[in-house]
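K.L.:
Take this structure first; my questions come after.
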Amino acid sequence: GATLTADPRIRAVAFTGSRAAGLALMGVAARRPEPIPVFAEMSSVNPVILMPGVLGSSAERLAREFAASLTQSVGQMCTNPGIILALHSPGLQTFLDAARTALANITPGVMLTAGIHRNYTQGVEHMLAHGAELIARGEAGDAENC
């Protein structure tokens, strides 16, 4: 990415990925003799808001759709849900139980690079230290860079 961004034939960069990589590309673009714009989508949170009325009638379906979205492309999509906001309700418990089942039944995939897997593993360890429960885990990719 840095070599391409530094190339004088390139007039703008679009990037989706980690904050660290995006900031590195922005630095390369800014240091060029003729700086170029970098349009970056980095570190999205993508909240999911669960309303009790909808959960009451659709909790299991929404849980399956949530699990599919969460694990699409081994969880590496920029549209990946990052946080759930919800009020305690019977529908929420149904959703959580169904999401747990759906996630437990999804075969973990191979992440894009070993570095992505390393960051993921560090995040998992951090969450486990704060009371999260591990349901599934992906495998490291063979490449160091993509």
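Residue numbers (the UniProt record's numbering): 1 to 146. We treat Cβ as the ideally placed atom computed from N, Cα and C, and that holds for glycine. Fair warning: this is a prediction, and the values are worked out from it, not measured in the lab.
What residue does the alpha helix (DSSP H) around M26 start on, and which one ends it?
P.N.:
Stepping through the sequence shown from its first residue, residue 26 is reached at position 26. From DSSP, the alpha helix (DSSP H) with M26 extends over R19 to R31.
K.L.:
Whose C-beta lies closer than 7 Å to the C-beta of G91 among residues of the same chain, with five residues either side of it excluded?
P.N.:
Sequence index remark: in the sequence shown, residue 91 carries index 91 (1-based). Contacts found: P52, L55, G56 and A59.
K.L.:
If distances are taken between C-alpha atoms only, which option among Q122, E65, I83 and T16 comes closest to M42?
P.N.:
Indexing the sequence shown from 1 puts residue 42 at position 42. The shortest C-alpha separation from M42 is found at T16.
K.L.:
According to DSSP, is E34 part of a helix, a strand, or is it coil?
P.N.:
Locating residue 34 in the sequence shown gives position 34, where the first residue counts as 1. Coil, per DSSP.
K.L.:
Which one or two residues does DSSP pair with A14 in a beta bridge?
P.N.:
Indexing the sequence shown from 1 puts residue 14 at position 14. In DSSP, A14 forms a bridge with F39.
K.L.:
Pop quiz: V28 and A6 are said to be a contact at Cβ under 8 Å. What is the actual Cβ separation, rounded to whole angstroms?
P.N.:
Translated into the one-based positions of the sequence shown, residue 28 becomes position 28. Translated into the one-based positions of the sequence shown, residue 6 becomes position 6. Confirmed, about 5 Å.
K.L.:
So the candidates are I106, R61 and L62; which of them puts its Cα closest to the Cα of G75?
P.N.:
In the sequence shown, counting from the first residue as 1, residue 75 sits at position 75. Nearest of I106, R61 and L62 to G75, Cα basis: I106.
K.L.:
Quick one: Cα of A114 to Cα of A30, how far?
P.N.:
Residue numbering aside, residue 114 sits at position 114 when the sequence shown is read from its first letter. Residue numbering aside, residue 30 sits at position 30 when the sequence shown is read from its first letter. C-alpha separation (whole angstroms): 29 Å.
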